[in-house]
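Input: a single structure, listed below in structure tokens.
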Amino acid sequence: MSPEPERPILIALAGSEPEEFWRVLSTLLPPRPVELVHVVDEEPPRQIDVAAMRHPGLGPPPHVRDMESDAERRGAETILDEAASRLGGAVRTRSARGRPELEIEASAAAI
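So in the numbering used here, spot 53 of the sequence shown is number 54, and the numbers just go up one at a time.
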């Protein structure tokens, strides 16, 4: 029976990791593939939408929400690109939208 291939190490990023995090992580990571995930939390916008339904006129107009969404996407790409360049080697990245705890769980199950 052949050995099972090594599974990647999953690292979930918030985007606010301090320099110390990267220093320690680089000393602890074994030579295995790494998968980085960053989740844009959709809960705050969802709460704003509920408030807007209850109180018409409250909440941002649709074009502002689209701009926010684009900015969040670009921010996630930047976070993942910077982290991948810090780690080097075999690094895959994944960006998701939703509830962070569920998206991180789904990422772990997929690797």
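Backbone N, C-alpha and C fix where the C-beta goes; we use that ideal spot for every residue, glycine too. On a predicted model such as this, the values are computed, not experimentally measured, just so you know.
Pick helix, strand or coil for residue i, following the three-state DSSP scheme.
i, result
"I80", "helix"
"R93", "strand"
"E73", "helix"
"E36", "strand"
"I112", "coil"
Tell me which residues share the same chain as residue i and place their Cβ nearer than 6 Å to its Cβ, disregarding the 5 neighbours each side in the sequence.
i, result
"R100", "none"
"R33", "E7 and I10"
Looking only at its chain, what residues have a beta carbon closer than 8 Å to the beta carbon of residue i, apart from the 5 residues adjacent to it on each side?
i, result
"A85", "L37, V92 and T94"
"L14", "L37, V38, H39, I80, L81 and A84"
"S27", "R87 and L88"
"E78", "S96"
Are residue i and residue j closer than 7 Å when you measure CB to CB?
i, j, result
"A97", "E104", "yes"
"A109", "L11", "yes"
"V41", "E7", "no"
"P19", "V35", "no"
Grab me the residues of residue i's own chain with a C-beta within less than 7 Å of its C-beta, minus the 5 sequence neighbours each way, in chain order.
i, result
"E44", "R100"
From the DSSP output, read off the bridge partner residues of residue i.
i, result
"V65", "Answer is none; V65 lacks a bridge partner."
"R98", "V41"
If you measure from the CB of residue i, is any heavy atom of the ligand ZN nearer than 6 Å?
i, result
"A107", "The ligand ZN is not part of this structure, which contains no ligands at all."
At 4 residues or longer, what runs of the alpha helix (DSSP H) sit wholly inside the stretch 2 to 34?
The alpha helix (DSSP H) runs of length 4 or more contained entirely in the stretch 2 to 34 are, from start to end of the chain, 20 to 29.
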